[in-house]
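Undergrad: Numbering (mature numbering (1 follows the signal peptide of the UniProt record, and there is no 0)), first residue to last: -26 to -1, 1 to 205. Virtual Cβ for every residue (Gly too), placed ideally from N, Cα, C. Model, not experiment: these values are computed from the prediction.
#1: According to DSSP, is residue 52 helix, strand or coil?
#2: If contacts are defined as beta-carbon pairs under 8 Å, then residue 81 and residue 72 qualify, I think. What distance do you get, rounded to the angstrom?
#3: Looking at the strands, I want to know which residues DSSP matches up with residue 175.
#4: Can you tell me whether residue 152 is helix, strand or coil according to DSSP?
#5: Pick helix, strand or coil for residue 206, following the three-state DSSP scheme.
#6: Taking C-beta to C-beta, are residue 52 and residue 118 nearer than 8 Å?
#7: Just mark residue 77 as buried or exposed, buried being the case when its beta carbon has 16 or more other beta carbons within 10 Å.
#8: Can we say the stretch 152 to 165 touches the stretch 187 to 195, given the rule of at least three CB pairs closer than 8 Å?
#9: Taking 8 Å as the threshold (C-beta atoms), are residue 113 and residue 12 in contact?
#10: Within the same chain, show all residues whose beta-carbon is closer than 7 Å to that of residue 179, passing over the 5 residues directly before and after it, in chain order.
#11: With a 10 Å radius around its C-beta and 16 neighbouring C-beta atoms as the bar for buried, classify residue 143 as buried or exposed.
#12: Is it true that the CB of residue 16 sits closer than 8 Å to the CB of residue 116?
#13: From what residue to what residue does the alpha helix (DSSP H) around residue 26 run?
#14: Could you tell me the distance, in whole angstroms, from the CA atom of residue 91 to the CA atom of residue 40?
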């Protein structure tokens, strides 16, 4: 039985049907997750782990970018309504820090379920593409933030290790193709790998390195080339 809030209930109760329709439309392979969605999830998880308002501010910045992008679609109504639902669920996570009646982890789980629906409505790639270096960094950062909000699971830790290995291989290729960019990124990647203490990630230095590397990668690409959301 679905017991979510009024706005969330229709979306989350319809999730199985939505995902079935989405898979029928994109049998080729799942498209990479839109960068702003991963970033919004990461900052919401970081807020849950720390209570730092700056992470909510960063979430809102990425949210504004995402909202601007979906407004350009021919039929933006569904995505816009889903966006409003996500905004509400993220705000409930924010409120849960001050309102004891709200279950913080339950509100976080609902918000993440809503953000997971975006991929069912965003344009799908016609052909499968391997995740880029930036994609893998975002995925790794999102997993590390998730692990910080709960007891570390074997599957989450293994997935993080697998993504880290892919990043190492991609950096090796970058060293051969763009030595200057590699030289600016590699020290940050090495430092990022040291941001562990007693088996836990030091979220602030870890996130700072992720942000720096992503900014360098974006600056090195042609304008807009790194965007996954094609409207």
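TA: Let me spell this out:
#1: Note: residue 52 maps to helix in three-state DSSP.
#2: About 12 Å separates the two Cβ atoms, so there is no contact after all.
#3: In DSSP, residue 175 forms a bridge with 170.
#4: Looking at residue 152 - three-state DSSP - the assignment turns out to be coil, as it is neither helix nor strand.
#5: Outside the shown range of the chain (-26 to 205) lies residue 206, about which nothing can therefore be said.
#6: The answer is no: Cβ separation not under 8 Å.
#7: So residue 77 counts as exposed.
#8: Taking 8 Å as the limit for Cβ pairs, the verdict is that the stretch 187 to 195 does touch the stretch 152 to 165.
#9: Against a cut-off of 8 Å, the Cβ pair of residue 113 and residue 12 comes out as a contact.
#10: Excluding residues within five positions, the ones whose Cβ falls inside 7 Å are 169.
#11: Using a 10 angstroms sphere on the CB of residue 143, the tally of other CB atoms stays under 16, which defines it as exposed.
#12: Yes. Within cutoff.
#13: DSSP places residue 26 in no alpha helix (DSSP H); its state is neither H nor E.
#14: If you take the alpha carbons of residue 91 and residue 40, they lie about 14 Å apart.
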